[in-house]
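Down below is the structure, laid out as structure tokens.
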Amino acid sequence: MSVFFACIQLWTACTLASALPSGQGSEDNAGYSSLWDELSEGFDYSLRFLTFGTYQAVADSTQNPDNDFLQIPRYMADLDLRPDAILSFRRLDVSIKPRMNLRWSAWENGTRKGDEEWEDDWFINEWLARMRVARGLFVSYGRENLQWGPAFLYSPSNPFFLDNGRSNPKREVPGMDFARIVWLPGMEWTISFIGNTDKGRQEFISGDFKEAYGFKLDYSGQQGYAGLILSRNEVERDRFGAFGGCTATDAFLLYTDFAFCRGSDVLYPVEDDTSPFGASMQAVDEQSSSLKGALLVGGSYTFLAGPTLTVEYLYHGFGYNDDQADYFYRLRRDASDAYGGPLWDLSRMTLGQTADPGLRFLRRNYGMLQYNHNDIKNLLNLTFRWTQNLDDGSGQFISIVDCLMGDHTQLFFIGTVNFGNGNTEFGTIVDSQWMIGLEYTF
Amino acid sequence: MTPEEILSSADRARGNVEGIEWNIDIESIEGEHTQHRSMMVKARGYNCLAEFISPPKVKGRKLLMIDRNMWFVKPGLRKPVPISPRQKLMGGAANGDIASTNYAGDYQPTSVSDDTVNGEACYLLDLKAINKKATYDRIKYWISKKRLVGVKSDFFTVSGKRFKSATFEYNNSIMISGTPRPFVSKMVITDAVITNNVTAMTYGEVTLKEIPDSTFNLNLLMR
């Protein structure tokens with residue numbers, strides 16, 4: 000696998016070098032009187048400035064005893080600067096998205112009660128260098144948030160990202176490092192080879208990042224579109240994913256997104272006589288040859304008056320069944336009870352694993368209903384989304400409101416309310432989160 | 000000329016050509032609120048990429064249409080959202096309204112009669128959608144007899160109710176096989192119920208150019 004990555008990086012470096020100015024007469028610079036004109040024409044940028052305040056009501060659950068484990072602040076105030084720049088120069092496209100975040104946090108419960116903290120973070124969330132090496136053939140390397148598929152809730156076919164960024168559009172999904180070769184044999188088909196070489200800005204709480212590479216085949220035709228993804232990670236776990244959709248009528252869309260693989264790295268609660276808790280979180284399917292999968296089906300309908308209703312159902316075969324969930328919550332309770340005692344290290348490790356067992360969703364069956372209406376009176380965008388865990392009865396309500404004020408400014412409000420007790424999926428971390436802010440684009 | 004030939008000719012003046020680039024300025028008036036947006040559109044056949052260039056708050060948003068499959072891409076939200084042609088672009092304009100017109104492929108003329116629009120002699124075609132992907136169920140389309148371009152249309156719901164009207168101007172020109180042909184320069188959409196809700200789409204100077212397949216590829220969109 001490392002040979003693959005080395006070849007991609009070498010190829011990218013060589014082809015980038017070949018994009019440098021090579022004198023007059025090239026077909027790629029036709030129509031420009033000077034190099035400066037050509038560069039100016041190909042350069043574009045935007046600068047967004049966001050300021051927002053967040054209130055979070057911490058849930059009372061065994062995952063976060065006395066809010067000491069996750070230490071969730073009650074109040075946060077953020078200031079974000081998000082410039083995006085793109086240069087298209089002959090065969091080369093380069094983009095960069097540096098970010099600055101300044102955050103004030105205050106705690107009102109738990110061991111940090113009364114604390115306040117200022118943090119600043121300067122980073123590059125995404126960047127990309129892409130070269131067209133031949134007609135229809137592209138090579139790229141960079142830090143990307145590589146997303147595909149039509150689903151809102153979850154995109155099982157994507158082996159690289161669990162989060163598709165749909166739950167909070169103001170928070171950017173951290174990018175990871177990818178090398179890609181993309182070949183377009185025709186208008187309808189696209190073949191991609193993708194190497195995920197580094198975790199970039201993604202954080203993995205309990206598991207480690209694993210290099211992975213994949214083959215992706217996309218089809219886009221008059222009747223609809225589809226994608227197929229075969230991937231393998233560095234522990235040689237193979238995964239098959241696919242998605243597809245069609246515009247059934249001018250108003251009605253249907254789609255699906257699914258994946259399956261042999262074995263998984265997901266942590267499951269298992270009986271463990273060596274643990275003082277009598278159980279531990281283990282990747283029991285690591286060597287398993289049994290197939291597990293996830294399937295999402297969805298559809299949306301746009302009414303003449305403007306609103307769009309979207310419905311999705313997810314079967315998430317990697318999640319816990321009732322017995323595993325009972326065991327999970329029992330283990331988490333024991334770890335929580337031991338928190339701060341002589342088994343503090345073990346307790347912390349266990350709570351870290353229960354907080355991030357490697358699952359996008361904890362259980363197996365989910366439903367989602369979304370109402371979206373944009374450009375109401377040229378002023379307002381509304382999205383309301385209800386997600387129901389059909390196994391434990393907990394639910395999540397998300398409202399996203401954008402108010403357009405003038406040419407540069409948007410006022411936004413994002414509210415999340417979780418329903419369910421501390422031993423349910425959505426009742427575990429926060430009861431509610433309210434975010435209000437202003438986005439100004441220069 | 001047959002009704003189908005008249006319709007095909009009118010289509011050619013609204014984008015049904017190989018490789019074209021234009022700017023569209025949209026002004027929407029709804030009640031007391033007026034909004035302006037500009038987008039750069041690259042189209043080839045029935046594929047189209049529209050990128051919002053102003054105002055700054057929408058700059059960088061993209062609308063990709065591959066035939067009737069459409070995606071919306073927002074800066075900072077990398078995952079493209081599949082959308083329907085009926086979804087509102089702005090004001091009274093639907094996403095399908097900026098795509099190349101393919102009335103000859105999507106609609107069947109059920110009757111042809113004579114009429115006039117602002118004193119100009121026109122064919123009045125009654126068009127019925129022949130596939131479910133068409134943006135509108137039924138259209139009454141006035142096509143100038145002299146210029147063979149659509150000058151007015153009424154759009155109807157499945158229940159037969161007129162819900163919006165549009166008028167067209169053709170002050171742009173493109174060269175096809177060495178011959179100048181008129182090309183759409185303005186489309187004004189008026190809501191049938193609230194008649195002071197008006198959306199005007201002004202098409203900037205049209206440039207014929209080769210648009211590669213990669214322009215319409217979701218995997219290669221710079222976001």
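Taken in order, these protein sequences are the chains called R and Y.
If you read the first sequence in numbering that gives the first Met the number 0, its first letter stands for residue 0, the second for the next number, and so on.
If you read the second sequence in numbering that gives the first Met the number 0, its first letter stands for residue 0, the second for the next number, and so on.
C-beta atoms are modelled at their ideal positions from N, C-alpha and C, and glycine is treated no differently.
Listed along chain Y, the residues sitting closer than 7 angstroms to P149 of chain R by beta-carbon distance are P81.
The count of Cβ pairs closer than 8 angstroms, one atom from the segment 261-279 of chain R and one from the segment 311-331 of chain R, reaches three, so the stretches are in contact. Within chain R, the residues placing a beta-carbon under 9 angstroms from that of D66 of chain Y are S219, G220, Q221, Q222 and T246, ordered along the chain. Nearest to F182 of chain Y by alpha-carbon distance, out of Y:L147, Y:I52, Y:T33 and Y:D66, is Y:L147. Contact of R165 of chain R with chain Y is assigned, a C-beta pair being separated by under 8 angstroms. For P184 of chain R, there is no enclosing beta strand (DSSP E), as DSSP gives it neither H nor E.
Relative to the Cα of V172 of chain R, the nearest Cα in the group R:W188, R:L145 and R:F192 belongs to R:L145. For A250 of chain R, the nearest beta carbon of chain Y is closer than 8 angstroms to its own beta carbon.
In this structure, the beta-carbon distance from E26 of chain Y to A199 of chain Y falls below 8 angstroms.
Straight across, the Cα-Cα distance linking G90 of chain Y with V187 of chain Y is about 11 angstroms. Closer than 8 angstroms to the CB of M38 of chain Y there is not a single CB belonging to chain R. Contact with chain Y is absent for V138 of chain R, since none of that chain's Cβ atoms lies less than 8 angstroms from the residue's Cβ. Residue range G394 to M404 is occupied by the beta strand (DSSP E) that includes M404 of chain R. In the assembly as shown, L219 of chain Y is a buried residue. Its beta-carbon has 16 or more other beta-carbons within 10 Å.
Secondary-structure assignment with DSSP links D153 of chain Y through a beta bridge to Y:K139 and Y:S164.
Neighbours of F155 of chain Y in chain R, taken as residues whose beta carbon is under 7 angstroms from its own, are absent, since the nearest beta carbon is some 11 angstroms off. Shown here, G104 of chain Y sits in a helix according to DSSP, grouped into three states. Between T100 of chain Y and R13 of chain Y, the C-beta spacing is below 8 angstroms. Under DSSP, the beta-bridge partners assigned to S94 of chain R are R:I85 and R:L127. DSSP places D114 of chain R outside both helix and strand once states are collapsed to three, so it counts as coil. Assignment of W343 of chain R by DSSP, reduced to helix, strand and coil, places it in the helix class. F214 of chain R sits exposed, since fewer than 16 C-beta atoms from the chains shown fall within 10 Å of its C-beta.
Identification of chain R residues near G59 of chain Y by a Cβ-Cβ cut-off of 8 angstroms yields S45 and D83, ordered along the chain. Taking the Cα positions, T427 of chain R is about 5 angstroms away from G421 of chain R.
Close to S274 of chain R, with beta-carbon spacing below 8 angstroms, lies no residue of chain Y; the smallest spacing is near 40 angstroms. From the beta-carbon of F441 of chain R, the residues of chain Y found nearer than 7 angstroms are P55. The closest CA to that of W117 of chain R, considering only R:R111, R:N124, R:S104 and R:A128, is found on R:S104.
Cβ contact annotation for P74 of chain Y (same chain, cutoff 6 angstroms, sequence separation greater than five): G59, in chain order. Remark: C-beta atoms of A9 of chain Y and G95 of chain Y do not approach each other more closely than 8 angstroms. Of all C-beta pairs linking the segment 67-82 of chain R to the segment 47-58 of chain R, three or more are shorter than 8 angstroms, placing the two stretches in contact. In the pairwise beta carbon analysis, the segment 303-313 of chain R is classified as touching the segment 143-163 of chain R: at least three pairs are separated by under 8 angstroms. Counting only the Cα atoms, G240 of chain R lies some 8 angstroms from G226 of chain R.
Cβ neighbours of Y224 of chain R within its own chain (closer than 8 angstroms, five residues either side excluded): D217, Y218, G243, G244 and C245. Taking C-beta atoms as the reference points, K41 of chain Y and T214 of chain Y count as a pair closer than 8 angstroms.
Bridge partners of S299 of chain R according to DSSP: R:L252 and R:T309.
DSSP places Q34 of chain Y inside the beta strand (DSSP E), whose first and last residues are H32 to R43.
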